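Shown next, in structure tokens, is the structure this report addresses.
In my numbering, the protein residues as written are 9 to 140.
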């Protein structure tokens, strides 16, 4: 199953879980209404069971949301890589390869700067103030 099909399946699962959550919330609301309006008590085991079901459903929805988030991130990264490759190819086809090389050199020059900042922060004591 590809990423698009997987995302579609996850969205369908999320919709089904959300439906169950709403149904459980409705059942709990009916119990509260019956108590407040009619004075009708419901056994605590029934309410506790519904609360437990709500917690399980919320966990399922959170898990699905996390998986969807990961798939969306992968999709964005794949798009960015494809866009970058096509942009570089187009620039080179137009005779602008020097622009690509200039950007690569600029990035290579910046790379040690980032590495030295990380090393400085790692060598500092944990309670030392950090520089901007």
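Yeah, the Cβ is synthetic: ideal placement off N, Cα and C, and Gly gets one too. Being a predicted model, the structure only gives us computed values, none of them experimental.
Item to check | 8 Å Cβ cutoff met for residue 18 and residue 72 | outcome: In the chain shown, residue 18 corresponds to position 10, counting from 1. In the chain shown, residue 72 corresponds to position 64, counting from 1. Taking 8 Å as the Cβ cut-off, residue 18 and residue 72 qualify as a contacting pair.
Checklist entry - On the three-pair Cβ rule with 8 Å, is the stretch 12 to 31 touching the stretch 72 to 87? => result Yes: at least three Cβ pairs fall under 8 Å.
Next on the checklist: Tell me the DSSP secondary structure of residue 11 in three-state form.
Outcome noted: Residue mapping note: residue 11 aligns to position 3 of the chain shown, counting from 1. When secondary structure is reduced to three states using DSSP, residue 11 falls in the helix class.
Checklist entry - Do residue 118 and residue 108 have their C-beta atoms closer together than 8 Å? => result On the chain shown, residue 118 is found 110 positions in, with the first residue counted as 1. On the chain shown, residue 108 is found 100 positions in, with the first residue counted as 1. No. Outside cutoff.
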